[in-house]
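If you count the sequence shown from 1, position 286 lands on 1173 in the numbering used here, and the numbers rise without skipping. Every residue gets a Cβ at the ideal spot worked out from N, C-alpha and C, and that includes glycine. Please read these numbers as outputs of a predicted model, since none were measured by experiment.
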Amino acid sequence: MTLIRNTKSIAIGDGTVTVNGWVQDIRNLGGISFLTLRDRFGTVQVTMPKKKIDPETFVMLTTISRESAVSITAEVKESNQTALGLELIPINAEIISEAAVPLPMGVIDKVNVEMDTRLNHRFMDIRKPEITAIFELKSIMLGLISEACRENGFVQVSTPKINSSGAEGGATLFKVDYFGREAYLAQSPQLYKQILMSTGLDRVFEISPAFRAENSNTNRHVTEFVSFDGEMAWISSEEEVMSMIEKIMDFILKGIKEKGSEQLGILGKSVNVPAVPYPRLSYEECLSIVREGGLDLKDGDDLGTEGEKIIGEHMSSEGFDLYFICGYPEDAKPFYIMEKDGTSYSHSFDLDYKGQEISSGGQREHRIDRLISRIEKKGLDPKDFEFYLEAFRYGMPSHGGWGIGTERLLVKMIDLPNIREAILFPRDVSRLSP
Ligand code: AMO
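Listed below in C-alpha cells is the structure:
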C-alpha cells in the first residue's frame, strides 16, 4: 500500500510513500542524481542511482526545472548521509505543474533580494521556510488571542467595514462610492464595539481588517492592517482594561513560546515574557524622559515616533519591553475617550512594546451630553454620529477597551525590521498588488 506522507511524517518502515512538493534542487553526478524535495514542513532527499530507476522517471526528475510542483512515489530507505536519516528511491513521479525558467526570484539562493522584488513575487517568497514560519506564527498568535478572549468571557463579533462615518480622524479615511452615496472603509470597529456595550453582550472582541489612508512610507504604517479590538462594560476605570490587556498579552507570549517553538527555531528567535503588571508611565513622566533624551517637546505635544523610541530605549535599559503610557492630554485623543475632570488629560493609555506603540485604548465617555460636547470640540457634527449616539440614550453602561495592531505586535515580538514582513500581501501608498 502506498502511504501519503509529508517530509515530516515519513518514517523508516513506511515502505512505499507518495510525497508532494516542490523541486528545490537537483544535482546530477553521472551515475547518481539527487533531488531535494521541499514541502511546507521541510525537505527530503530523493536519491536516484541511474541504473536502479525507471528510465522515464529518471529523465523526468533529473531534467525538471527548479520549483516545479511534483508528486513522487518512492521507496523509503535508511541513510546515514541525510539529516532525516532516510532517503527516497523513486518508483514513479508525476509533474503536477512545471515551473517556468528563469524563476522571478530564488527560494533558497543566499542572495539579498530587495523587499520590493520579494513582495512583487510574494507567492515565491513565502516558499522560503523562514517566511512560512512568520505566517505560521501569526496564525498561532491569532488563535491565542481568540483563546485568551474566550477564557475571559469575551464574545467574538464582526462589525461592518463599509460605514457612513469614521471614528479615528478624517485624514486617514478611505472614501468609497456606495451606490452614489459617500461611504468610508472602517478605520477601526470603534463605534460599533461601543454600541455593542449597550446590548448586554458586555465583553466583545473582534479580529478584523482596518483601513487607514496613511499617506506615509514608514516601516510601521500600512493602509490595511488586522486590528484586534476589545471592549468591556461596567468598568470603573481604564485600569481594569489595562489589567485585561496584561492578562491577554501574557497568555499570548507564553503561548507563542510553547506552541510556536518550532517556527521560532527556524527563525532563530526567542520570545521574552515580561512579568506582569507592566509599568505604567504617566504622560508627564514620558515627557521628562523624552526631554532628557534630547527631544524638545512641549506640554500637550504628541510623543511621536522619535519620543516613543527614546522612551523605549530608557525602558529597555531598566529591563522593560512592555509598558503603558497613561493619561495623554485629552486634546491628543479621539472624541470617544473620557476626559479627566478638572484637568486637560484623559482616561486613555497606549501600550508600547520595545519603543513602538502597539495599542491604544481607554475608558470611554458614556454620558451622552459630554460625548456630544467632545464630538463638537473636535469640529465634528453630532448628526453624522446619530446611529452611534442613539445607543447612549437608553442606558449605556460605563465601558472601555483597546485596539491592538496585530502586525505591530508580531513585529515587536520577534523583532522583524518592517511591518510588511508580517503581512502576506501588504497595502501601502505605492502598493495595490499582488
Ligand atoms: P489607534 O488609531 O491608535 O486606536 O489604532 C490602534 C492600533 O492599531 C495599529 N495601527 C496600525 N498598524 C499598522 N498600520 C497603520 N496605519 C496603523 N494604524 C493603527 C497600531 C495602533 O496602536 N479605536 C482605537 C482603539 C481603541 O481605543 O479601542 C484605535 O483605532 O498598533
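Residue i and residue j closer than 8 Å at C-beta
i, j, result
"Ile982", "Ile940", "no"
"Glu1118", "Lys1156", "no"
"Asn1106", "Ile1306", "yes"
"Asn1050", "Ala1070", "yes"
"Asn979", "Thr944", "yes"
"Trp1289", "Ser1233", "no"
"Ser1148", "Ser1114", "no"
"Tyr1165", "Tyr1215", "no"
"Leu1296", "Tyr1240", "yes"
"Met1028", "Ile1143", "yes"
"Ala956", "Val933", "no"
"Leu973", "Glu965", "yes"
"Val963", "Ile897", "yes"
"Leu1174", "Tyr1210", "no"
"Leu1006", "Arg1254", "no"
"Pro942", "Gly918", "no"
"Glu1273", "Arg1261", "no"
"Arg953", "Ala986", "yes"
"Gly1292", "Val1128", "no"
"Asn1039", "Met1131", "yes"
In DSSP terms, what residue i is bridged to
i, result
"Asn915", "Ser920"
"Val963", "Leu975"
"Trp909", "Arg925, Ala956"
"Ser1247", "Asp1237, Gly1290"
"Asn1050", "Tyr1071"
"Ser1095", "Ser1114"
"Leu1182", "Note: Leu1182 sits in no beta bridge, so no partner."
"Val931", "Leu924"
"Phe1211", "Arg1167, Leu1238"
"Tyr1079", "Looking at the DSSP assignment, Tyr1079 forms no beta bridge with any residue, so it has no partner."
"Pro936", "Ile919"
"Ala980", "Ile959"
"Met1202", "According to DSSP, which records beta bridges pairwise, Met1202 is partnered with nothing at all."
"Tyr1232", "Pro1216"
"Lys1062", "Tyr1071"
"Arg1318", "Asp1315"
"Met1119", "Arg1090, Gly1287"
Any non-hydrogen atom of the ligand AMO within 7 Å of residue i CB
i, result
"Gln1077", "yes"
"Ala1054", "yes"
"Ile1095", "According to the sequence as given, residue 1095 is Ser; it is not Ile. Ser1095: no, Cβ never under 7 Å from the ligand AMO."
"Ile1306", "yes"
"Gly1249", "yes"
"Pro1180", "The sequence as given places Gly at residue 1180; Pro does not occur at that position. Checking every heavy atom of the ligand AMO against the Cβ of Gly1180, none is found closer than 7 Å."
"His1234", "no"
"Glu1244", "yes"
"Ile1291", "yes"
"Asp1116", "yes"
"Glu1294", "yes"
"Gly1199", "no"
"Gly1288", "yes"
"Arg1099", "yes"
"Val1000", "no"
"His1108", "yes"
"Phe1112", "yes"
Assumed close pair residue i, residue j - CB separation to whole angstroms, cut-off 8 Å
i, j, result
"Leu924", "Gly902", "So it is not a contact: roughly 18 Å between Cβ atoms."
"Arg892", "Val906", "5 Å"
"Val1163", "Glu1133", "5 Å"
"Asp1208", "Pro1161", "5 Å"
"Gly1194", "Leu1184", "6 Å"
"Ala1278", "Ile1013", "42 Å between Cβ atoms; not a contact."
"Glu1017", "Ile1153", "6 Å"
"Val1091", "Phe1041", "6 Å"
"Ile1328", "Ile899", "Absent from the structure is residue 1328, since the part of the chain shown begins at 888 and ends at 1321."
"Phe921", "Arg927", "21 Å between Cβ atoms; not a contact."
Selected residue, minimal CA-CA separation from residue i, among the options
i, options, result
"Thr1019", "Ala980, Ile995, Thr1004", "Ile995"
"Met947", "Pro977, Met1129, Ala1278", "Pro977"
"Ser1285", "Gln932, Ala1120, Leu1174", "Ala1120"
"His1201", "Pro989, Gln1243, Ile1122, Phe1236", "Gln1243"
"Val1063", "Phe1098, Ser1085, Gln1043, Leu1083", "Phe1098"
"Ile1094", "Phe1211, Leu1319, Asp1268, Gln1043", "Gln1043"
"Arg1037", "Asp1089, Leu1006, Ala1054, Arg1068", "Asp1089"
"Gly1187", "Glu1193, Ile1212, Ser1231, Phe1211", "Ser1231"
"Ile1176", "Pro1161, Ile1212, Leu1154", "Ile1212"
"Pro1221", "Gln1250, Ser1204, Tyr1210", "Gln1250"
"Asn1104", "Met888, Ser1320, Gly1030, Val1316", "Val1316"
"Gly1057", "Lys1265, Pro1313, Pro1321, Glu1023", "Lys1265"
"Leu1276", "Ser1033, Ser1130, Ser1203, Gln1077", "Gln1077"
"Asp1228", "Arg1257, Pro1269, Gly1206, Asp1189", "Arg1257"
"Thr949", "Glu1172, Gln968, Leu916", "Leu916"
"Val1298", "Thr1192, Ile1021, Asp1268", "Ile1021"
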